[in-house]
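Visitor: This is the structure, below, for whatever I ask next.
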Amino acid sequence: MAAPAALSPVASPAWRRLLQSSIDAHAHIPAASFVQLATVRPNGTPANRSLVFRGFLEDSDSLIFYTDGRSSKVKEIEAFPQAELCWYFCDSWEQFRIAGTISTVHAHSPNPSLVNLRRAAWQPLTAQQRWQYCRGYPGTPWEESCEGEAEAKGRPEGHESSLAAMALLTEPQAQEGSGGSSTDKAEGAAEGVESVEPVEGFCLLLLDPHEVDYVHVRTPSRYRHTKHVAEAGKEAGAAGKGAEWTTMRIHL
């Protein structure tokens, strides 16, 4: 396999065509949409977790993920907005490591189009999917009062009593200074699940790649794809615009 030539700013990058091909080939495997995203904690140690790939941002190469805005990863990203994900496709033996700048989209984000994207992403989520953004704060201690959550989550989607069961659950631990009784919190969580507008905890993550390391284990071969942004593109600050990708074959 010869190394692809440098791409023009208007062309789809070689790594993205490879990635899309892998995504399509693994569409029959639900777990193939999971990636491992690494960020940096305030003390300098790595933090890694699995996220579900939700698609590409329109007119860019940025990858979209959903997350809980109350989680530690959001604080890590705000403090150090660089991240790398690893995505392995088992059937084709391909690995993508995608590094870049990562940002969050929440209710008060300054870009109206991204706020609208967040709102649109919330609409098709099921009650069970929405519930994870309404329940207890991620990383806080579990309490026996939340034992019913497992039962509620285990019911088939659309079960007539699922929302009623959710309304009886309480947060494992309130955020400092949040106040309010457990009944009030449970009612608020149920309202959040049914809300047309996204709840405060629902956020989007956007990873704007600047380097992609691609390995085909079977071949075996490895390529590094690097983004070069022109000054005009830097000034515009638009992901993928005014950028040119180059590709180099490297040793495994």
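So the sequence shown is numbered by the working numbering: it starts at -15 and just counts up by one.
Note that the Cβ used here is the ideal one computed from N, Cα and C, for glycine as well.
Quick caveat: nothing in here was measured; it's all calculated off a predicted structure.
#1: Going by C-alpha distance, which of Thr85, Gln107 and Pro26 is nearest lysine 211?
#2: Since tryptophan 106 contacts valine 177 with CB under 8 Å, what's their CB separation in whole angstroms?
#3: Between the Cα of isoleucine 61 and those of Phe80, Arg103 and Val24, spot the shortest distance and give me the residue it belongs to.
#4: Threonine 203 to lysine 57, Cα distance in whole Å?
#5: Just verifying my parser: in three-state terms, what is the DSSP assignment at aspartate 43?
#6: Given that a residue counts as buried once 16 or more other Cβ atoms are within 10 Å of its Cβ, and exposed if not, what is proline 14?
#7: So who's on the other strand from tyrosine 72, going by DSSP bridges?
#8: For a quick check, are the C-beta atoms of valine 183 and tyrosine 117 less than 8 Å apart?
#9: Please return the same chain residues whose Cβ sits closer than 6 Å to the Cβ of valine 199, not counting the five positions on each side in sequence.
#10: Which term fits isoleucine 234, buried or exposed, when burial requires 16 or more other beta carbons within 10 angstroms of its beta carbon?
#11: Is it true that the CB of aspartate 192 sits closer than 8 Å to the CB of serine 46?
#12: Cβ of valine 263 within 8 Å of Cβ of cysteine 187?
#13: I'd like the list of long-range same chain contacts for serine 6, defined as Cβ closer than 7 Å, with 5 residues on each side in sequence excluded.
#14: Sort Val36, Ala67 and Thr29 by Cα distance to glutamine 113 and report the nearest one.
#15: Going straight from the alpha carbon of threonine 124 to that of leucine 236, what length do you get?
Guide: Judging by the given coordinates:
#1: Against the sequence shown, residue 211 aligns to sequence position 227. For lysine 211, the closest C-alpha among the options Thr85, Gln107 and Pro26 is that of Thr85.
#2: For the purposes of this step, residue 106 is taken as residue 122 along the sequence shown, with counting starting at 1. For the purposes of this step, residue 177 is taken as residue 193 along the sequence shown, with counting starting at 1. Not quite, the Cβ-Cβ distance comes to about 11 Å (not below 8 Å), so this is no contact.
#3: Residue mapping note: residue 61 aligns to position 77 of the sequence shown, counting from 1. Looking only at Phe80, Arg103 and Val24, the smallest Cα-Cα distance to isoleucine 61 is reached by Val24.
#4: In the sequence shown, the residue the question calls residue 203 occupies position 219. In the sequence shown, the residue the question calls residue 57 occupies position 73. Going from the Cα of threonine 203 to the Cα of lysine 57 covers about 35 Å.
#5: Counting from 1 along the sequence shown, the entry for residue 43 is found at position 59. Aspartate 43: coil per DSSP, three-state reduction.
#6: Translated into the one-based positions of the sequence shown, residue 14 becomes position 30. Label assigned to proline 14: exposed.
#7: Along the sequence shown, read from residue 1 onward, the residue named residue 72 stands at position 88. When DSSP reads this structure, tyrosine 72 sits in a beta bridge with Gln79.
#8: Locating residue 183 in the sequence shown gives position 199, counting from the first residue. Locating residue 117 in the sequence shown gives position 133, counting from the first residue. Yes, these two residues count as a Cβ contact at 8 Å.
#9: One-based indexing of the sequence shown puts residue 199 at position 215. Only Gln79 and Arg206 meet the Cβ criterion.
#10: Along the sequence shown, read from residue 1 onward, the residue named residue 234 stands at position 250. By the neighbour-count rule (16 or more Cβ atoms within 10 Å), isoleucine 234 is not buried but exposed.
#11: Here residue 46 is taken as the residue at index 62 of the sequence shown, counted from 1. Here residue 192 is taken as the residue at index 208 of the sequence shown, counted from 1. Using a Cβ distance threshold of 8 Å, serine 46 and aspartate 192 count as a contacting pair.
#12: What the structure shows of the chain is the stretch from -15 to 236, and residue 263 is not part of that stretch, so it cannot be assessed.
#13: For the purposes of this step, residue 6 is taken as the residue at position 22 of the sequence shown. Excluding residues within five positions, the ones whose Cβ falls inside 7 Å are Phe73, Ser76 and Glu78.
#14: In the sequence shown, counting from the first residue as 1, residue 113 sits at position 129. The shortest Cα separation from glutamine 113 among Val36, Ala67 and Thr29 belongs to Val36.
#15: Taking the first residue of the sequence shown as 1, we reach residue 124 at position 140. Taking the first residue of the sequence shown as 1, we reach residue 236 at position 252. Going by the C-alpha atoms only, they are around 41 Å apart.
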